[in-house]
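**Q** What follows is a structure written as structure tokens; I'll ask about it next.
Number of protein chains: 2
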Amino acid sequence: MGQRTRISVAFWPIPCRFTQKPMGDQMHILIVGAAGMIGQKLAQTLVDNGELNQQKITEITLFDVVEPTAPSGFDGLAHVLTGDLANPQIAHELVAGKPDVVFHLAAVVSGEAEQDFEKGYRINMGGTQNLLEAIRHTGFCPRFLFTSSLAVFGTPLPDVIPDNFNATPQSSYGTQKAIGELLVNDYSRKGFIDGISLRLPTIVIRPGKPNKAASSFFSSILREPLNGKPATLPVPKRTRHWFASPQMAVGFLIHAASLNTAELGWRTLNLPGVSASIAEMIRALQRVAGREAADLITETPDPLIEAITGSWPKAFHPARAKALGFEAENGFTQIIQSYLDAEGNTK
Amino acid sequence: MGQRTRISVAFWPIPCRFTQKPMGDQMHILIVGAAGMIGQKLAQTLVDNGELNQQKITEITLFDVVEPTAPSGFDGLAHVLTGDLANPQIAHELVAGKPDVVFHLAAVVSGEAEQDFEKGYRINMGGTQNLLEAIRHTGFCPRFLFTSSLAVFGTPLPDVIPDNFNATPQSSYGTQKAIGELLVNDYSRKGFIDGISLRLPTIVIRPGKPNKAASSFFSSILREPLNGKPATLPVPKRTRHWFASPQMAVGFLIHAASLNTAELGWRTLNLPGVSASIAEMIRALQRVAGREAADLITETPDPLIEAITGSWPKAFHPARAKALGFEAENGFTQIIQSYLDAEGNTK
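Protein sequence lines correspond, in order, to chains A and B. Each residue of the first sequence is one higher than the one before, counting from 2 in our numbering. Each residue of the second sequence is one higher than the one before, counting from 2 in our numbering.
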């Protein structure tokens with residue numbers, strides 16, 4: 002009976018089992034995957050804010066497979082590191098300084114994870130495991146923010162997805178993200194980290210050029226016309242999906258880093274976003290940039306892109322995240338305005 | 002555009018990418034975890050049937066960490082092997098003979114996985130990965146049956162759980178099973194295996210002695226009185242849960258091994274079972290074995306066991322599995338009768 006009781010107790014969540022640094026005027030932040038678009042904006046925003054959760058940011062470590070650009074205007078200690086997260090030793094070195102907050106954004110993207118099965122599992126699953134194991138073995142309990150993805154969802158999907166809807170990924174990338182969520186939850190439950198997984202909406206408008214992602218056109222049909230260039234629409238205008246701006250994604254990560262997790266329970270959150278059809282996106286573009294911008298879009302149907310995006314989530318009812326204070330843009334015009342505010346000088 | 006199209010195609014399920022053995026009078030079956038109660042009953046049932054999916058069973062490989070007992074009356078080639086599935090080399094050796102069907106039942110049980118964090122991940126997650134990777138590298142495409150568990154579910158739960166309900170495990174064991182399901186789905190989608198994960202109901206009546214599992218009392222409150230011995234009930238009689246007999250679990254596995262998977266989609270199934278309260282279980286015991294058997298049960302409340310079992314699934318609406326021909330017992334009396342038929346001579 003004694004033994005049975007001992008086993009039973011351990012099933013329940015326990016608070017962080019390692020000492021956390023005392024509250025004070027010191028904050029060390031690690032960003033894994035810091036060279037990516039979100040990682041770069043996050044680093045700069047943190048530096049611009051100067052503090053996180055009312056603690057002055059005194060040290061920041063930026064890591065990626067290619068060298069991240071250090072944020073400008075930081076008066077603390079900045080480390081810029083490159084390496085392969087699939088190497089456990091690298092993961093150990095990354096967390097040796099016991100950062101208070103870890104943002105884990107690193108991933109092989111969906112197209113590449115699908116084409117290179119081994120690389121996807123090695124980085125997206127193995128790298129995440131390495132990072133969590135390095136933290137557990139080092140023996141500290143950071144706030145750990147993991148960026149998950151709508152790719153964890155597979156068909157059939159309801160028009161509006163509730164918080165308790167099953168993750169049935171139909172890509173290796175989505176599978177690896179769903180596994181990461183499970184690990185973050187279990188390591189948090191066991192008191193090794195204080196983690197949250199955020200299922201980010203699809204991020205638009207991404208600055209830069211079209212990329213290999215099947216979702217790339219969602220950004221380019223707006224970005225290219227806003228910059229006076231033509232764009233191709235491969236799907237019907239009725240196609241509906243779930244969006245947030247890069248600035249909002251950064252805001253979600255910073256909000257999650259400051260959240261009280263005592264009553265959180267399951268550590269994965271569906272996030273608020275803007276549910277919009279392509280037609281609604283184009284109407285917003287027209288409102289902001291005029292008919293001549295919208296006229297730069299040419300419809301060139303691609304049945305494969307249509308089939309893929311047709312299987313994606315159309316909208317969510319993210320009740321838990323909303324109750325925790327996460328808030329999305331109020332519509333697509335705001336998403337476009339957010340791009341112009343941030344990148345307007347690129348025109 | 003060509004590149005985009007190539008990526009897109011790969012997201013869709015593809016049939017087995019390795020040659021499967023031609024249909025014929027040859028069937029090699031591998032059971033990983035063959036020393037356990039279900040593994041032993043499965044091996045004997047397969048040998049008694051003589052065939053699987055209308056093919057004669059000519060070779061059977063039984064593997065476990067302790068030596069499995071070989072089934073009696075088998076006139077084919079039987080291999081009995083022991084080893085550590087966490088060793089990738091062992092996994093490679095296991096599948097070198099390219100078995101047509103792999104039953105992967107091996108797991109560190111929930112209590113042990115909770116107490117020994119590393120061992121749980123090493124065997125339940127790492128072992129499953131090793132087995133899948135060994136199959137992928139060997140280059141054949143077996144039917145792969147993975148036994149998952151109700152432990153993938155966590156609170157809050159509806160009274161009746163639909164097929165699309167989220168898996169939010171609250172134990173390391175449940176986490177590892179949920180990860181196994183995701184891997185089986187992705188390896189199947191990529192054509193490396195032809196896999197199905199079965200979320201087995203809680204198995205009662207387990208023969209033998211009470212064990213360390215929190216669920217142990219579900220069997221012992223029936224088994225002990227059926228054998229004239231006293232038993233302790235640690236939870237209220239209103240406690241409701243989801244059950245199947247060991248014989249039914251074996252039947253589910255064999256049914257799954259013969260299923261047409263062409264239209265299956267998501268490779269994880271919630272299975273039919275009997276939803277019964279403790280009061281209903283005791284009434285069934287009384288019907289089968291009389292009031293004197295039921296009187297052997299003493300209520301000794303254990304708040305921890307009550308809290309744990311109170312968080313477990315009470316019932317399912319397993320529409321997909323039922324449409325695929327899986328059928329459960331029609332009530333608890335049949336579950337008790339199944340035990341007496343199989344184990345009656347142990348009294």
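Just so it is clear, CB atoms sit at the ideal spot from N, CA and C, and this is done for glycine as well. In this text the structure is predicted, and so the values were computed from the model without any measurement.
1) Can you look up residue 176(A) in the DSSP assignment and give me helix, strand or coil?
2) Just to make sure I have the definition right: I need the residues of chain A whose C-beta is within less than 7 Å of the C-beta of residue 57(B). Which are they?
3) Does the stretch 315 to 326 of chain A come close enough to the stretch 160 to 180 of chain A that 3 or more CB-CB pairs lie under 8 Å?
4) What are the start and end residues of each continuous beta strand (DSSP E) run of 3 or more residues lying completely inside the stretch 298 to 340 of chain A, in chain order?
5) Helix, strand or coil for residue 9(B), going by three-state DSSP, please let me know.
6) Comparing alpha-carbon positions, which option in 258(A), 133(A), 85(A) and 242(A) lies nearest residue 54(A)?
7) Does the distance from the C-beta atom of residue 187(A) to that of residue 269(B) stay below 7 Å?
8) Helix, strand or coil: which one does DSSP assign to residue 134(A)?
9) Starting from residue 169(B), find everything on chain A with Cβ-Cβ shorter than 7 Å and list it in chain order.
10) Where do the ends of the alpha helix (DSSP H) carrying residue 48(B) lie?
11) Could you compute how far the alpha carbon of residue 129(B) sits from the alpha carbon of residue 148(B)?
12) How about residue 234(B) and residue 300(B): are their beta carbons less than 7 Å apart?
13) So does the stretch 123 to 138 of chain A actually touch the stretch 272 to 290 of chain A, counting three or more Cβ pairs closer than 8 Å?
14) Return helix, strand or coil for residue 344(B), following the three-state DSSP convention.
15) Between which two residues does the beta strand (DSSP E) carrying residue 63(A) extend?
16) Can you tell me whether residue 120(A) is helix, strand or coil according to DSSP?
17) Looking at the structure shown, is residue 291(A) part of a helix, part of a strand, or coil, going by DSSP?
18) Measure the C-alpha to C-alpha separation of residue 209(A) and residue 336(A) and round it to an integer number of angstroms.
19) Considering just the uninterrupted stretch of the beta strand (DSSP E) at residue 244(B), what are its terminal residues?
20) For residue 140(A), which residues from the same chain have a beta carbon less than 7 Å from its beta carbon, with the 5 sequence-adjacent residues on both sides left out?
21) Taking 7 Å as the threshold (beta carbon to beta carbon), is residue 173(B) in contact with chain A?
22) With DSSP as the reference, label residue 95(B) as helix, strand or coil.
23) Taking contact to mean 3 or more Cβ pairs, one atom from each stretch, closer than 8 Å, check whether the stretch 232 to 248 of chain B and the stretch 320 to 328 of chain B are in contact.
24) What distance in whole Å lies between the Cβ atoms of residue 72(A) and residue 44(A), which are believed to be in contact at a cut-off of 8 Å?
25) From residue 34(A) to residue 47(A), what distance separates their C-alpha atoms?
26) If you pair each beta-carbon of the stretch 271 to 286 of chain B with each one of the stretch 237 to 248 of chain B, do three or more pairs fall below 8 Å?
27) Does residue 189(B) come out as helix, strand or coil in the three-state DSSP assignment?
28) Using DSSP's beta-bridge definition, name the partner residues of residue 354(B).
29) Given residue 91(B), which residues of its chain have a CB within under 7 Å of its CB, disregarding the five upstream and five downstream residues?
30) From residue 2(A) to residue 331(A), what distance separates their C-alpha atoms?
31) Quick check on residue 187(B) - is its C-beta less than 7 Å from some C-beta in chain A?
32) So, residue 103(A) versus residue 143(A), is the Cβ gap smaller than 7 Å?
33) So if I threshold CB-CB distances at 7 Å, which residues from the stretch 103 to 118 of chain B count as touching chain A?
34) On the DSSP bridge list, what partners appear for residue 82(B)?
35) Between the stretch 176 to 203 of chain A and chain B, which residues of the former have CB atoms less than 8 Å from a CB of the latter, in chain order?
36) Buried or exposed: where does residue 78(A) fall if 16 or more other Cβ atoms within 10 Å of its Cβ makes it buried?
**A** Looking at the coordinates:
1) helix
2) Those within 7 Å of residue 57(B) in chain A number zero; the least Cβ separation is about 35 Å.
3) yes
4) 298 to 300
5) Note that residue 9(B) has pLDDT 38, beneath the 50 cutoff, so the model's placement of it is unreliable and the number below is only indicative. Correct three-state label for residue 9(B): helix.
6) 258(A)
7) no
8) helix
9) 267
10) 38 to 50
11) 11 Å
12) yes
13) no
14) helix
15) 60 to 65
16) helix
17) coil
18) 16 Å
19) 241 to 245
20) 19
21) yes
22) helix
23) no
24) 4 Å
25) 15 Å
26) yes
27) helix
28) As displayed, chain B neither begins before 2 nor continues past 348, which places residue 354(B) out of reach and without an answer.
29) 84 and 85
30) With a pLDDT of only 30 at residue 2(A), under the threshold of 50, the placement of this residue in the model should not be trusted, and no figure is reported.
31) yes
32) yes
33) 112, 115, 116 and 118
34) 64(B)
35) 176, 179, 180, 183, 184, 186, 187, 190 and 191
36) exposed
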